[in-house]
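Residue numbers (this note's numbering), protein chains in the order written: chain A, 1 to 112; chain B, 1001 to 1115.
Glycine is no exception: its CB is placed at the ideal position from the N, C-alpha and C atoms.
It should be emphasised that the depicted structure is a prediction, and the values quoted were computed from it without experimental measurement.
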């Protein structure tokens, strides 16, 4: 799996958009970008994933650059409950891809 | 659709005892994976089950075992507990381990404390 780089921590004001960057310059053509988050003492929560097109769901939007070397997770209106560690993961296809490995992630603090 | 459920949520055991944890996947999901999470080691893969068969196994001693039932529910067992087994044990489910089934949905975890 490609290595990812994320800032260690970020702050965001409640109600504002939270933009979380991720660098994955060694990503290969068939690898997807996944985002998960983990709220303190809870299990990881799947947020969104994409290959090369931008994606949006009820939780967030994922913007992937044209060269696919970086991406940004956008929480459009952050709430206090979005305070969590956010993990960007790049993973390829196939059965071997079920072993999920989380790096350090970004600790997002949403403040009132 | 109900999410992944795990029981119990919290457990305290003594060294040398054994423990069984249970996981019920999302309805329709047939693949169940187990993970151990500790502050020092992070998230570590234990094993995955699909159609009652273990498909992959992480690097854990034989004291850690699991099984899956015909209704896709899964259990994991840890025998002869050690202090280092204290951790958050997470279960994750998805439709199948095949191509395209990349989203794994995690349960809330079982917090095991070994004293």
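Using only the alpha-carbon positions, how far apart do residue 1030 of chain B and residue 1090 of chain B sit?
16 Å
For residue 1003 of chain B and residue 1109 of chain B, I'd like the C-alpha separation in whole angstroms.
12 Å
Taking buried to mean at least 16 other C-beta atoms within 10 Å of its own C-beta, is residue 1113 of chain B buried or exposed?
exposed
For residue 21 of chain A, report the span of its beta strand (DSSP E) as first-last.
18–23
Partners in chain A for residue 1108 of chain B, counting only beta-carbon separations shorter than 7 Å
42, 43
For the stretch 43–57 of chain A, list every residue whose C-beta sits within 7 Å of some C-beta in chain B, in sequence order.
43, 44, 45, 46, 49
Please confirm if the stretch 101–108 of chain A is in contact with the stretch 1012–1032 of chain B, defined as three or more CB-CB distances below 8 Å between the two stretches.
no
Do residue 22 of chain A and residue 110 of chain A have their C-beta atoms closer together than 8 Å?
no
Quick check on residue 91 of chain A: does DSSP put it in helix, strand or coil?
strand
Once you ignore the five residues that flank residue 1083 of chain B on each side, which residues in its own chain have a CB closer than 7 Å to its CB?
1015, 1114
Residues that residue 1105 of chain B contacts on chain A, provided the C-beta gap is smaller than 7 Å
46
Which chain A residues are close to residue 1090 of chain B, counting only those with a beta carbon under 9 Å from its beta carbon?
43, 44
With a Cβ-Cβ cutoff of 8 Å, do residue 87 of chain A and residue 1104 of chain B count as a contact?
no
Report all residues from its chain with a CB closer than 7 Å to the CB of residue 1085 of chain B; omit the five preceding and five following residues, and keep chain order.
1078, 1112, 1114
Boundaries of the beta strand (DSSP E) in which residue 1064 of chain B is found, first to last residue:
1064–1068
Using beta-carbon positions only, say whether residue 947 of chain B and residue 1058 of chain B come within less than 8 Å of one another.
What is shown of chain B runs 1001 to 1115, which leaves residue 947 of chain B out entirely.
Would residue 1008 of chain B be called buried (16 or more neighbouring beta carbons within 10 Å of its own) or exposed?
exposed
Would you mind stating whether residue 1052 of chain B and residue 1036 of chain B have Cβ atoms separated by less than 8 Å?
no
What is the rounded straight-line gap between the Cα of residue 24 of chain A and the Cα of residue 31 of chain A?
10 Å
For residue 1042 of chain B, the three-state DSSP class (helix, strand or coil)
strand
For residue 1093 of chain B versus residue 1012 of chain B, is the C-beta spacing smaller than 8 Å?
no
Between the CA atoms of residue 72 of chain A and residue 50 of chain A - distance to the nearest angstrom
11 Å
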